[in-house]
Structure formats: structure tokens, C-alpha cells
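Count along the sequence shown from 1, add 9, and you get the number used in our numbering.
Heads up, the beta-carbon is just placed ideally off N, CA and C, and yes, glycines get one too.
Quick notes on the structure that follows.
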Amino acid sequence: MPELRRDILTGDWRIVDTGSFEKLPDENPETCPLCPGNEHLTDSEIMSFRLNGLADEPGWFIRVVPSKNPILQFSQVERKGVGMYDQINNKGANEIVVVTPEHGKRMSELPPHQMADVLWAYQKRIIDLKRDSAIKEILIYHLENSSTGHSRSHIFGLPVIDPNLGKILTESRRHYASKERCLTCDIVREENKTAERIIYENENFIAFLPYAPSKNYSVIITPKKHSAFFENFISPQNASDLAGIILDILKRYEVVFNHFPWSFVLYTAPNMAGRSSEHQWLTLADDFHWFIEFLPSIDSPMSNFHRLTGICTTVETPEEQAKILREAKIY
Ligand SMILES: [Zn+2]
Ligand SMILES: [Zn+2]
Numbered sequence: 010m011p012e013l014r015r016d017i018l019t020g021d022w023r024i025v026d027t028g029s030f031e032k033l034p035d036e037n038p039e040t041c042p043l044c045p046g047n048e049h050l051t052d053s054e055i056m057s058f059r060l061n062g063l064a065d066e067p068g069w070f071i072r073v074v075p076s077k078n079p080i081l082q083f084s085q086v087e088r089k090g091v092g093m094y095d096q097i098n099n100k101g102a103n104e105i106v107v108v109t110p111e112h113g114k115r116m117s118e119l120p121p122h123q124m125a126d127v128l129w130a131y132q133k134r135i136i137d138l139k140r141d142s143a144i145k146e147i148l149i150y151h152l153e154n155s156s157t158g159h160s161r162s163h164i165f166g167l168p169v170i171d172p173n174l175g176k177i178l179t180e181s182r183r184h185y186a187s188k189e190r191c192l193t194c195d196i197v198r199e200e201n202k203t204a205e206r207i208i209y210e211n212e213n214f215i216a217f218l219p220y221a222p223s224k225n226y227s228v229i230i231t232p233k234k235h236s237a238f239f240e241n242f243i244s245p246q247n248a249s250d251l252a253g254i255i256l257d258i259l260k261r262y263e264v265v266f267n268h269f270p271w272s273f274v275l276y277t278a279p280n281m282a283g284r285s286s287e288h289q290w291l292t293l294a295d296d297f298h299w300f301i302e303f304l305p306s307i308d309s310p311m312s313n314f315h316r317l318t319g320i321c322t323t324v325e326t327p328e329e330q331a332k333i334l335r336e337a338k339i340y
């Protein structure tokens, strides 16, 4: 059972014992739990967009289900000390957004209207999950492998703020406190001056490489107008523009990296209902600016989830890994 544990040296939360949640579902459409006709192989759907049929029947074109191998799931939040260490049980949500009924179709191959519908599904789930004050952060993570499989995104509702978002929130708040301007709005203005790092833009969004990237070829997509909450920004025009720029970047990745695996993470502002006090995130709506970060897997065997969010995960607990090492027959 996965656990959130706090590393007391760095203050970062980590997830141990995840199993292998990035694992592909069944390669065979006959037995793939995400294919139409196999709805009985998943838990009951949370929502779907469909042409016809009832819940948990074929006829859908986007379907959201609970993860079969969740790293977080709903239960009572339970914070406890284990000796000198802090631990939270795996309260939270881990849902799967099946972005197409077609097995083996890559997200980059989706028609723009289908990609826009994926964004509407993200929006609906974020709004719903934010009704739970135990959830502090919602993040959306998508990993696309080069081998065939069923394209799907993970939605995580976390009871803590991940290390990457935590640092961005701190820097954004600091910048706003001294300049009364949003940090990302300033970055977008600066990038527009030279356009050297801009990949593509349309009326409402811009895609660029960061000035000082920590990863090779990571690309940021963000709205040109200030917006802290993805779920409030999505409108018919904005969903269409965002779908267009996402598909543009994915197609470039697939050409340049020859269908390497790639990932993205979508960060919206944290859950205001989950504030630890009324003094927390007072300027959030003005200082934070939502964005999506894309990353190809070209230079590291490390999990892209860890590289994008800063959340370290281990497949087993350190206690189990210590046992494996202790019991190794050495000569
Ligand atoms: Zn499938
Ligand atoms: Zn802004």
C-alpha cells in the first residue's frame, strides 16, 4: 500500500511502494481494460463523454475511471509520526482519463476537437476534486510510450503540495510581493522580446523553452493572459487554442525524437478549500499562473513523474528494499 513519507532532511514529501503505476495496460485490445466493450474490467466510471449508451457501456469517446493500481485513494486522512518521521496515509485520488476509445492511437494523433474534449474532462474533474478540502493539489500527468497501448492521463489529488509546485508558489509569491506583478506574466513578456526560445504561439497560448532549463527539451505552455486556475480559464475558444498548441508540440516531439516516450504535467493553482489557514495563499489568484510542462524521455531512465513534479517514488518501501539487499547471497 503506497504511503506519503516526508524526508526530514529536505522537507520534501515522497511516495514509497507505488508498484509500477506507469506500466502500460494490456497490449492486446481484446483484453485491454480501457477498450470499449471491456468496461466491466474497470471500476465504475466517474464520468464519460459519450455519443450513446449508458455509464459503463460502450458509446463513450472519453472515459474517466478510478486507477486499478492507485498510488493514492480516498480514505480518511491520517497524519502520524513514526518515531521522528512524518507519514500521511494515501488519502487522495488517482483517476485515469482514457483520452480515446481507439487502442494504440497516440494523443498526438487525436483530432483537435477530441483533444479539446480531453481538456474539458480535466476541467470537470479538477472542479469536482477541489470540493474535498483534504486535497491540496490536483495535478495531471500524462505518459505516452512509443509502444502500442491505450493512451490515458492520470489525475492525482494530493493531500500535500509537491516539491516542484511548492518552489514555484514560493518564488511567485515573493516576486508578486516586491513587484506587484505575476512572475510568469513577466517571463512571457521577456520571452516575447527576443522570441529565441518560443516554439509556437497562437492567440491565447505560448510554448517556449525556459531560459535556464533543468531538463533537455522541456517545453512550457502557458496562457498569454494572466490566469491562476486552469479550470476557470477553459472556454470553448481557449480549449480549442490549447488543444491546437498541445498537438503542435507533441507532433514536433514525435518528429524530433522519433516517437520516444514523452510526458507532460499540468499544474493549476492549489485548492483554496484545502488551505491550512486563512492566511495561506492570500495573493495566489494574482501571483500564480497555470502552465503545462512537456518532457521527452531522452537522457534519463528516471521516472518522468519524478523529474516533472519533484516527487520521488520508489517501487517498494525502503524496508522491503533493505530486506532484498540484506538477503542477497553475496560471495
Ligand atoms: Zn485498449
Ligand atoms: Zn500571470
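Nearest candidate by alpha-carbon position, reference THR322, set VAL74, ILE215 and VAL25: VAL25
Distance between GLN132 and LEU256 (C-alpha atoms, nearest Å): 18 Å
Cβ-Cβ separation, CYS44 to HIS151 (assumed contact under 8 Å), whole Å: So it is not a contact: roughly 18 Å between Cβ atoms.
Helix, strand or coil at GLU328 [DSSP, three-state]: helix
Near ligand 1: PRO38 beta-carbon under 7 Å from a heavy atom: yes
Heavy atom of ligand 2 within 7 Å of CYS194 beta-carbon: yes
Test item: CB-CB of LYS139 and ASN313 under 8 Å: no
TRP129 in three-state terms, based on DSSP: helix
Proximity test, LEU43 beta-carbon vs ligand 3 heavy atom, cut-off 7 Å: The model on display carries ligand 1 and ligand 2 but not ligand 3.
Check: CYS321 C-beta below 7 Å from any heavy atom of ligand 2: no
Touch test, the segment 120-132 against the segment 239-254, Cβ-Cβ under 8 Å, three pairs minimum: yes
Residue closest to PHE297, alpha-carbon to alpha-carbon, out of PHE238, ILE207 and ILE17: PHE238
Any non-hydrogen atom of ligand 2 closer than 7 Å to HIS49 Cβ: no
Collapsed DSSP secondary structure at SER162 in the structure displayed: strand
Helix, strand or coil at TYR220 [DSSP, three-state]: coil
Assumed close pair MET124, ALA252 - CB separation to whole angstroms, cut-off 8 Å: 4 Å
CB of GLU212 within 8 Å of CB of ARG206, strictly: no
Cut-off 6 Å between Cβ atoms - residues of its own chain near ASN241, not counting five sequence neighbours on either side: none
Near ligand 1: HIS159 beta-carbon under 7 Å from a heavy atom: yes
Enclosing alpha helix (DSSP H) for THR231 [first to last residue]: Element bounds for THR231: not the alpha helix (DSSP H) but the beta strand (DSSP E), 228-232.
Nearest neighbour of HIS235, chosen from THR179, LEU259 and TYR185 [CA to CA]: TYR185
Opening and closing residue of the beta strand (DSSP E) in which GLU12 lies: 12-15
Ligand 1 heavy atom lying under 7 Å from the CB of HIS112: yes
Boundaries of the alpha helix (DSSP H) in which VAL197 is found, first to last residue: 192-203
Per DSSP, cross-strand counterpart(s) of ALA186: Answer is none; ALA186 lacks a bridge partner.
Simplified DSSP state of ILE136, which is helix, strand or coil: helix
Bridge partners - PHE214, DSSP secondary structure assignment: PRO232
Collapsed DSSP secondary structure at THR109 in the structure displayed: coil
ILE71 versus LEU13, ILE105, PRO38 and PRO168, residue with shortest Cα-Cα distance: ILE105
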